[in-house]
Amino acid sequence: MDMSVESRRAPNLSPAALELAGITRSFSEGDRQLDILSGANLRIEAGEMVALVAPSGTGKSTLLHIAGLLERPDNGDVFVGAVNCTELSDEQRTAIRRNDIGFVYQFHHLLPEFTAQENIMMPQMIRGLSRAVAAERADELLNYMRIGERGKHRPSELSGGEQQRVAVARAVANAPRILLLDEPTGNLDPKTANYVFDALAALVRASGVATLFATHNMELAGQMDRAITLQDGLVTPL
Numbered sequence: 000m001d002m003s004v005e006s007r008r009a010p011n012l013s014p015a016a017l018e019l020a021g022i023t024r025s026f027s028e029g030d031r032q033l034d035i036l037s038g039a040n041l042r043i044e045a046g047e048m049v050a051l052v053a054p055s056g057t058g059k060s061t062l063l064h065i066a067g068l069l070e071r072p073d074n075g076d077v078f079v080g081a082v083n084c085t086e087l088s089d090e091q092r093t094a095i096r097r098n099d100i101g102f103v104y105q106f107h108h109l110l111p112e113f114t115a116q117e118n119i120m121m122p123q124m125i126r127g128l129s130r131a132v133a134a135e136r137a138d139e140l141l142n143y144m145r146i147g148e149r150g151k152h153r154p155s156e157l158s159g160g161e162q163q164r165v166a167v168a169r170a171v172a173n174a175p176r177i178l179l180l181d182e183p184t185g186n187l188d189p190k191t192a193n194y195v196f197d198a199l200a201a202l203v204r205a206s207g208v209a210t211l212f213a214t215h216n217m218e219l220a221g222q223m224d225r226a227i228t229l230q231d232g233l234v235t236p237l
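Residue 0 is where the sequence shown starts when you use numbering that gives the first Met the number 0, and the numbers rise one by one after that.
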C-alpha cells in the first residue's frame, strides 16, 4: 500500500531546497524488470554541496533526472522547497525546472554560434529579462568565474576549463535554488578540474544554491559538505 505524502516526507523538518522521498524507478529489459531506485530518500539544504559518487549502472543519472524534474519516478515525491512536484503538469514542472533548477553536464553543451556572454544571457532572456539586464548579469558571473575577459569569445575559442565555467555561469544565471551537476569535471585534467571546482564552490557559498554534484573524483568529493552513494537502489552515506 502506498504511503501518504506526509509519511514519506521527512517529519518535523522545515522544507529543504530539494527533497526526494521514497523514490522508486524500474525499467524493463526484455522479460526482466530492473529496479534502479527502491525507495531512495535525499534532502539537500540551501547552500549545501553534496557529492554523489556511484559506479555507472547504479542509478546515478536516473536520480539526477528525477531530481531535476526531467523524469518522473514510479513512486515517491520530489519536493522543490515546499512544492511537491510529483503530480504537477508537464507545463508546471517545466516552469519550475526553468526558474529553480540549473544543470551542468560533463560536456558543456554551449551554443557554438554565440559568445560566452550570449550563452549566459540566453536563459535569462527566455525568462523575460531585457537584453541589457541579462548582459550585465552575464558579465558579473563571468567575472565571478574568473573569465571576465573571455566574454566575447565563442566556445571554440575557449579552453575546456573555460567552457565548463561558462556552463556553470549559464546554469546559475536565473538564480536557481538547486544546481545539479553530472560529472562536470570528468573531461578535465586534475589542475583544471580543481580550478573549476574552486570557482563553483565559491559561487555556491555566495548564492546559497543547493548543489548535487555527481563525480568519480574522490578528492573533489572530500571537499564537499558530505558524500553519498547508491547501494541497492537506496541513497546511503559514503
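All residues carry an ideal CB built from backbone N, CA and C; glycine is no exception.
It should be emphasised that the depicted structure is a prediction, and the values quoted were computed from it without experimental measurement.
Check whether residue i and residue j have beta carbons under 9 Å apart
i: K59; j: A192; result: no
i: A15; j: A200; result: no
i: L19; j: V77; result: yes
i: Q162; j: L237; result: no
i: L17; j: A66; result: yes
i: A137; j: I119; result: yes
i: M48; j: V203; result: yes
i: I43; j: L211; result: yes
i: I100; j: L87; result: no
i: R92; j: C84; result: yes
i: H152; j: A115; result: yes
i: L229; j: A53; result: yes
i: L68; j: I227; result: no
Assigned exposure category for residue i - 16 Cβ within 10 Å defines buried
i: M223; result: buried
i: S30; result: Correcting the residue type first, residue 30 is Asp in the shown sequence and not Ser. When all chains shown are included, D30 counts as exposed.
i: I125; result: exposed
i: P111; result: exposed
i: G56; result: exposed
i: L62; result: buried
i: A81; result: exposed
i: T235; result: exposed
i: M144; result: buried
i: R317; result: Within the shown structure, residues of the chain are numbered from 0 to 237, placing residue 317 beyond reach of any answer.
i: L180; result: buried
Three-state secondary structure assigned by DSSP to residue i
i: I227; result: strand
i: D89; result: helix
i: N83; result: strand
i: D76; result: strand
i: R169; result: helix
i: L23; result: Per the sequence shown, the amino acid found at residue 23 is Thr instead of Leu. The answer is strand: DSSP assigns T23 an E or B state.
i: A115; result: helix
i: G56; result: coil
i: L110; result: coil
i: E161; result: helix
i: A16; result: coil
Residue range of the alpha helix (DSSP H) that includes residue i
i: R31; result: Here R31 belongs to no alpha helix (DSSP H); instead the beta strand (DSSP E) covers R31 to I43.
i: L63; result: K59 to A66
i: T191; result: P189 to S206
i: A220; result: M217 to A220
Check: residue i C-beta below 8 Å from any heavy atom of the ligand MG
i: L237; result: In the structure on display, the ligand MG does not appear, and there are no ligands present to speak of.
For residue i, the first and last residue of its enclosing beta strand (DSSP E)
i: G232; result: Per DSSP, G232 belongs to no beta strand (DSSP E) and is neither H nor E.
i: L180; result: I177 to D181
i: L211; result: A209 to A213
i: L51; result: M48 to L51
i: G101; result: I100 to V103
CB contact below 9 Å: residue i versus chain D
i: D181; result: No chain D appears in this structure, which consists of one protein chain only.
Any chance you could list the alpha helix (DSSP H) runs of at least 4 consecutive residues sitting entirely within the region 123 to 157, in chain order?
130 to 143
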